[in-house]
Every structure is written in structure tokens, then in C-alpha cells.
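Each residue of the sequence shown is one higher than the last, beginning at 488 in our numbering.
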Amino acid sequence: MTEHLFRIAAHAYAAGEMDAGRRACERLARTRLEPGMEAIVRRNRTWYTQLLGDLLDVRMQQVQCEPFRSGWSLFNPSVVRKGCWTVNVRSSNYRIIDGQYVMPPEDSGIIRTGNVLCRINDDLAIEHSAPWACDYEKTEYAVDGFEDVRLNVVDGECVVSATVRNMAPHDGTCRIATAQLRRGALVGLACPATADGHHEKNWMPILGRREWLYACSVNGRTATVRLEDGAWRVTHHAEAPHVAAQFRGGSQLVPIDNGRWLAIVHEVAEDAGRRIYEHRFVTFNEADGWRMESISQPFAFREQRAIEFCAGLARNGKTLAATFGVRDAEAWIATFDLTDAVNLTRDAWA
488 MTEHLFRIAA HAYAAGEMDA GRRACERLAR TRLEPGMEAI VRRNRTWYTQ LLGDLLDVRM
548 QQVQCEPFRS GWSLFNPSVV RKGCWTVNVR SSNYRIIDGQ YVMPPEDSGI IRTGNVLCRI
608 NDDLAIEHSA PWACDYEKTE YAVDGFEDVR LNVVDGECVV SATVRNMAPH DGTCRIATAQ
668 LRRGALVGLA CPATADGHHE KNWMPILGRR EWLYACSVNG RTATVRLEDG AWRVTHHAEA
728 PHVAAQFRGG SQLVPIDNGR WLAIVHEVAE DAGRRIYEHR FVTFNEADGW RMESISQPFA
788 FREQRAIEFC AGLARNGKTL AATFGVRDAE AWIATFDLTD AVNLTRDAWA
């Protein structure tokens, strides 16, 4: 059966049998395969990936505020609901050209990131935007700033978490830093040693709490992390389905009903040295040890077989807003119906 599905996944695109190809790829994604074959299945699947607008009614608007510095890019926004849609947009000095990071000569090979906070109304128009300061003691490591910020609101206060690589006295390893954002400045900044000694990125904030989904599947289980006594404490929870092994963070976890939470995760495929991102809606049940209950089929927001990255999901009643970057060059916000998104998900264990 596996060999048969593999052949369908590889050849259905050329035959125009898109639905058959998608089904075969999804069946294979839920099957334990050798790593090399799993990588091939993920690559093949990208040819069948649908746009979000093909799956539900969605409204999209590009976020075009003033960059952190003139000539810098805008991408990878994050969103929370705090009276209106509050969106943090990453702004950086580099461009991706032919798969390479290219910085201005005057920056001497240093990747620099700043951040801009925007207030966006329900018509998705920017009402106000302003850069915010990111001051901390730095090393000489050649990656500077808070990368891919996630926003949260805890006890009415805006909380940010992000990857940082040049915070003294650390060694350049990707670490998660967190702080309150008050009047355009960081307060209570914390950046402990990594939880497991490896690069740490893309933790998913649990909305309203100083806690993150650490991973959808680590050692075969979901895991959360929180700051305790100046160190990160990881807690392993429910068993995770095999399909989640390659899920990476994504958005915040947003409450939907009866202890269930919704998030958007991503998976990465590689094709001829190019990285390709796909996304899924995922639901978790907190009462059942953060058990992953359901997942959607993979989708792209605007561009298939491209770099897209979702760093935000927020809720206003029955409306969801998702924020995402495209090609590390554009920032977008999308709104759609909560029920429509949840209805795209199916049993993660089937």
C-alpha cells in the first residue's frame, strides 16, 4: 500500500489528479517512513498545496507601514487583539536573492532587525505605527535584534517573545527572550540559557499566559515551556501523532471552546536547495494534556511553493486574523471566520 501511495503522490500532478495526489501525500504523512522517503513526500506534496482562499472565504491586506529604517524590508508580522488588531512587523536590512542573504555593504555582513508596532482597524487599515526600542547588552555576533516577535496580552499588558542571538554573554545560539512592551520600550527583559542546549525558535505563546507551546512533538509528545526561577522549564504532555513530527511553530494558541485551542503551524520541504513552507490549522485540548486533536490539510496563504511564515493568530468574536510574511519581503494580515477554519480540521490520529 505504501509503495502504491508513493507512486500516486509522485505522478498524480502530471496526470492532473490533484485530489488523488493530496490524499496520497496526506496518507503517507501519517505513516512512519524512512527519513529520506518522508522528505520526498513533503517535497511532492508542495505541488498539491492549495491556497487558503481556495479553502475558505478570506480577506487579505498587505501591511505597508514605514520600515524601521529607510530601505529596510517588512515581513513576518504577529497579531493580537487589544482593542483593535495590534500587529508587530519585523523590519530587516537584508534581501534574499537567489537563496542568499544580501545586506547593504555598510552593514559589513551583519543581519539587523528592528520592529514596528501597528494599530490596524477592522477594515485592515493602519491607524498608527511606530518603531520600538530593543536595547540590550550585545556581543559581536553578526545577527542583531529581536527576530520574529510573537505578541501576547497577559493581564492587559503586551508581552513579546522573540529569537535573539547576540545578547551578552551568550554565544550566538538562537535563544528566546521575553519582556513586557510598555510605551515603546522593553521592561523586565529575560533571556535564560536554552532549555536543551540547542537553537530555540518559534515558540508559540498560549494567549493570556506566560507560557508557550515548546513543540508539537518532542520525543513523541507535546511540550510546553515557562520561565521558573530564571530558567526555562519544559513540561512534556500528551502523546503526539506521527504526522506532527515535522510541525514547527507558528502562531499563538487562541482559545476556541471548552478548553480547546487553535493555532497555525508550518512544515518545511526542500526542493533543489529551495525551502518551501506549508501551513496547517491545528487544535489542542488542554484538559487532555494539550493533546493534538485535529489538523487541516496543508495550505499556503498567497504563494505556493514559496517562503511564507505565519507568526500571528488572534480572535475577535467569530473573526480570526492571521498575520504572515512572504519571501521575507512582505507583511500581510488575513481575516476569516473562526468556524470555517475549525471546520477545515480533521482527526489528527486517523
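The C-beta atom is built at its ideal place from N, Cα and C for all residues, glycine as well.
For Thr-826, the three-state secondary structure derived from DSSP is helix. With respect to the 7 Å criterion, Leu-714 and Leu-740 are not classified as neighbours on the basis of their beta carbons. The Cβ atoms of Ala-664 and Cys-645 lie no closer than 7 Å to each other.
Between Ser-616 and Arg-599 the beta-carbon gap is near 19 Å, outside 8 Å, which marks them as no contact. Beyond the five residues adjoining it in sequence on each side, Val-630 comes within less than 7 Å, by CB distance, of Ile-598, Arg-652 and Asn-653 in the same chain, given in chain order.
Per the coordinates, the alpha-carbon of Trp-748 lies some 19 Å from the alpha-carbon of Ser-648.
In this chain, the alpha helix (DSSP H) harbouring Ala-496 covers 489-498. Per the C-alpha coordinates, the member of Thr-536, Met-691, Glu-525 and Arg-568 positioned closest to Gln-791 is Thr-536.
For Leu-515, the enclosing alpha helix (DSSP H) covers residues 505-516. Val-576 is positioned such that its CB atom lies no closer than 7 Å to that of Val-545. Note that the C-beta distance between Arg-637 and Ala-798 is below 7 Å. The C-beta of Pro-692 has 16 or more other C-beta atoms within 10 Å across all chains shown, which makes the residue buried. Selection Ile-583, Trp-836 and Arg-568 evaluated against Arg-606 yields Arg-568 as nearest (Cα-Cα).
Here Tyr-764 is buried. Its C-beta has 16 or more other C-beta atoms within 10 Å. Looking at the DSSP output, Asp-631 sits in a beta bridge with Arg-599. Going by DSSP, Pro-564 is part of no alpha helix (DSSP H) but of the beta strand (DSSP E) stretching over 562-568. Here the alpha carbons of Gly-737 and His-753 stand approximately 6 Å from one another. His-491 is classed as exposed because its beta carbon has fewer than 16 other beta carbons within 10 Å across all chains shown. The beta carbons of Gly-508 and Ala-501 sit no closer together than 7 Å.
For Gly-523, the enclosing alpha helix (DSSP H) starts and ends at 522-532.
A distance of 7 Å or more separates the beta carbons of Ser-557 and Ala-816. Distance from the CA of Met-547 to the CA of Val-566, rounded to the nearest whole angstrom, comes to 14 Å.
Ranked by how close their Cα comes to the Cα of Val-813, the residues Glu-780, Glu-513, Phe-562 and Asp-506 have Phe-562 in first place.
Taking the CA atoms as reference points, Asp-658 sits about 36 Å from Phe-786. Val-589 and Glu-525 have their C-alpha atoms some 32 Å from each other. Judged by DSSP in its simplified three-state form, His-657 adopts coil rather than helix or strand. Judged by their CB atoms, Val-574 and Thr-810 are nearer to each other than the 7 Å cut-off. When Ala-718, Asp-622 and Trp-819 are compared, the shortest CA-CA separation from Ile-613 is found for Trp-819. Distance from the CA of Ile-782 to the CA of Asp-594, rounded to the nearest whole angstrom, comes to 42 Å. Counting only unbroken stretches of 4 or more residues, no alpha helix (DSSP H) element lies wholly within the stretch 681-715. DSSP, reduced to helix, strand and coil, places Pro-592 within a helical segment of the structure shown. Assignment of Leu-543 by DSSP, reduced to helix, strand and coil, places it in the coil class.
About 16 Å separates the beta carbons of Ser-704 and Ala-682, which is beyond the 8 Å limit, so they are not a contact pair. Across the structure, Phe-796 and Phe-788 are spaced so that their CA atoms are roughly 9 Å apart. Relative to Leu-676, the option among His-723, Ala-655 and Asp-744 whose CA is nearest is Ala-655. In this structure, DSSP gives Val-813 an extended state, which the three-state scheme calls strand.
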